[in-house]
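In the working numbering, the protein residues as written are 3 to 58.
Idealized CB from N, CA, C, for every residue including glycine.
Remember, it's a predicted structure, so these values are computed and weren't measured experimentally.
Here is the structure we will look at, set down as C-alpha coordinates.
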Amino acid sequence: SKKKIEWGSQIRSYVFQPYTMVNDHRTETKVTDIQSVMDGDLDDFIKSYLLQTSTA
(Lines of atoms letter the chains of each structure in order from A and count residues from 1; the text may use other names and numbers.)
(Lines give C-alpha, C1' and ligand atoms only; values in the text may rest on other atoms or scores of the structure.)
Protein backbone atom coordinates (compact mmCIF):
# COMPACT_ATOMS: atom_id res chain seq x y z
CA SER A 1 0.00 0.00 0.00
CA LYS A 2 1.18 3.47 -0.82
CA LYS A 3 1.96 5.76 2.11
CA LYS A 4 0.59 9.27 2.27
CA ILE A 5 3.08 12.03 1.58
CA GLU A 6 2.66 14.56 4.35
CA TRP A 7 4.64 16.97 6.49
CA GLY A 8 7.25 15.10 8.50
CA SER A 9 7.48 12.07 6.21
CA GLN A 10 11.16 12.65 5.57
CA ILE A 11 13.01 9.78 3.91
CA ARG A 12 16.63 10.93 4.20
CA SER A 13 18.61 13.67 5.91
CA TYR A 14 21.94 15.03 4.73
CA VAL A 15 24.54 16.59 7.06
CA PHE A 16 27.38 18.46 5.37
CA GLN A 17 29.01 20.24 8.33
CA PRO A 18 30.64 19.87 10.86
CA TYR A 19 30.73 16.22 9.77
CA THR A 20 29.27 14.39 6.77
CA MET A 21 26.52 11.80 6.97
CA VAL A 22 23.43 10.67 5.11
CA ASN A 23 20.77 9.01 7.25
CA ASP A 24 17.92 7.01 5.72
CA HIS A 25 15.07 7.26 8.24
CA ARG A 26 13.14 4.28 6.85
CA THR A 27 15.95 1.76 7.31
CA GLU A 28 18.26 3.61 9.75
CA THR A 29 21.09 3.17 7.23
CA LYS A 30 23.84 5.72 7.77
CA VAL A 31 26.58 6.54 5.24
CA THR A 32 29.49 8.91 5.92
CA ASP A 33 30.69 9.19 2.30
CA ILE A 34 28.20 11.91 1.40
CA GLN A 35 29.96 12.75 -1.87
CA SER A 36 29.37 9.27 -3.29
CA VAL A 37 25.68 9.54 -2.36
CA MET A 38 25.45 12.95 -4.04
CA ASP A 39 27.08 11.37 -7.11
CA GLY A 40 24.29 8.79 -7.24
CA ASP A 41 25.62 5.83 -5.25
CA LEU A 42 22.42 4.74 -3.49
CA ASP A 43 23.21 1.01 -3.38
CA ASP A 44 23.49 0.81 0.44
CA PHE A 45 20.08 2.44 0.85
CA ILE A 46 18.44 0.28 -1.82
CA LYS A 47 19.87 -2.95 -0.38
CA SER A 48 18.78 -2.04 3.15
CA TYR A 49 15.27 -1.18 2.00
CA LEU A 50 14.92 -4.39 -0.02
CA LEU A 51 16.16 -6.50 2.90
CA GLN A 52 13.78 -4.75 5.28
CA THR A 53 10.74 -5.16 3.04
CA SER A 54 11.52 -8.78 2.15
CA THR A 55 11.57 -9.83 5.81
CA ALA A 56 8.45 -7.89 6.79
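Our contact map puts tyrosine 51 next to arginine 28 with C-beta atoms below 8 angstroms; I'd like the distance itself, whole angstroms only. In the sequence shown, residue 51 corresponds to position 49, counting from 1. In the sequence shown, residue 28 corresponds to position 26, counting from 1. That belief holds up - the Cβ atoms of tyrosine 51 and arginine 28 are roughly 6 angstroms apart, short of 8 angstroms.
On the three-state DSSP scale, how would you describe aspartate 26? As a first step, residue 26 is located in the sequence shown; it is residue number 24 there, counting from the start. Three-state DSSP puts aspartate 26 in a strand.
For phenylalanine 47 and threonine 31, believed in contact at Cβ under 8 angstroms, the rounded distance: Residue 31 sits at position 29 when you count from the first residue of the sequence shown. Residue 47 sits at position 45 when you count from the first residue of the sequence shown. That belief holds up - the Cβ atoms of threonine 31 and phenylalanine 47 are roughly 6 angstroms apart, short of 8 angstroms.
On the DSSP bridge assignment, give the partners of serine 56 in chain order. Position 54 of the sequence shown holds residue 56. Partner(s): none; serine 56 has no beta bridge.
Smallest Cα separation from leucine 44: which of Pro20, Ser11, Asn25 and Thr57? The sequence position of residue 44 within the sequence shown is 42, counting from 1. Ranking Pro20, Ser11, Asn25 and Thr57 by Cα distance to leucine 44 puts Asn25 first.
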